[in-house]
Amino acid sequence: MNSKIGTVFLSGLIAGTLDILAAIVIYALILQKTTPLKILQSIASGVFKKEAYTGGPEMAWYGLGFHFLIALLFAWFYFTIYPYLPLLKKSTLAAGILYGILVWIVMNLVVLPIVFPVLPAKSLDFPTLLSVLILIFCIGLPIACITRKYYDR
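Quick note on numbering: the UniProt record's numbering labels position 59 of the sequence shown as 59, and the sequence is numbered without any gaps.
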């Protein structure tokens, strides 16, 4: 990718796609805890609250849009800070892992508690570790790799 905007868009699109596919495959298909529609409606509920679950399939489209907006924001942030943090340039693998963990922290300890004031307490259990791993492999590493490729050229 030759442009800054194109690089951010590509990394956000890939990260967002991998993340939503992982959520659907793991939570809806493998663990059968929910459905793809409910996953997307849950994302939309951050804005539309309970209406997201009764608003029909169009709410899933809003959820998908919000999901990609969030992924693009995380891609833009990483791309923006990359030139200023030498740690990110030393190891793409380490940077991707750390960024995935940072994304989990921001989403689960900052954003979600603001959007949903009443949430179950977090504990270090299998579901938490699984969600961290998804964000490392689907958000942190792809964004780190694509951003590094842009800056290395």
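For every residue, glycine included, the Cβ atom is placed at its ideal position computed from N, Cα and C.
In the structure shown, residue 148 falls within a helical segment according to DSSP collapsed to helix, strand and coil. Note that the C-beta distance between residue 134 and residue 75 is not below 9 Å.
The beta carbons of residue 148 and residue 88 sit closer together than 9 Å. The residue from 30, 32, 70 and 38 with its alpha-carbon nearest to that of residue 14 is 70.
For residue 32, the secondary structure class from DSSP, reduced to helix, strand or coil, is coil. Here DSSP, grouped into helix, strand and coil, assigns residue 119 to coil. Counting other Cβ atoms within 10 Å of its Cβ, residue 32 stays below 16 and is therefore classed as exposed. Exclusion of the five residues before and after residue 20 leaves 67 as the residues of its chain whose Cβ lies within less than 6 Å of its Cβ. Your pair residue 63 and residue 40 checks out as a contact, with CB atoms roughly 4 Å apart and the cut at 8 Å.
Assigned with DSSP and collapsed to three states, residue 50 falls in coil, not helix or strand.
When DSSP states are grouped into helix, strand and coil, residue 19 belongs to the helix group. Counting along the chain, no alpha helix (DSSP H) covers residue 107, and no H or E run does either.
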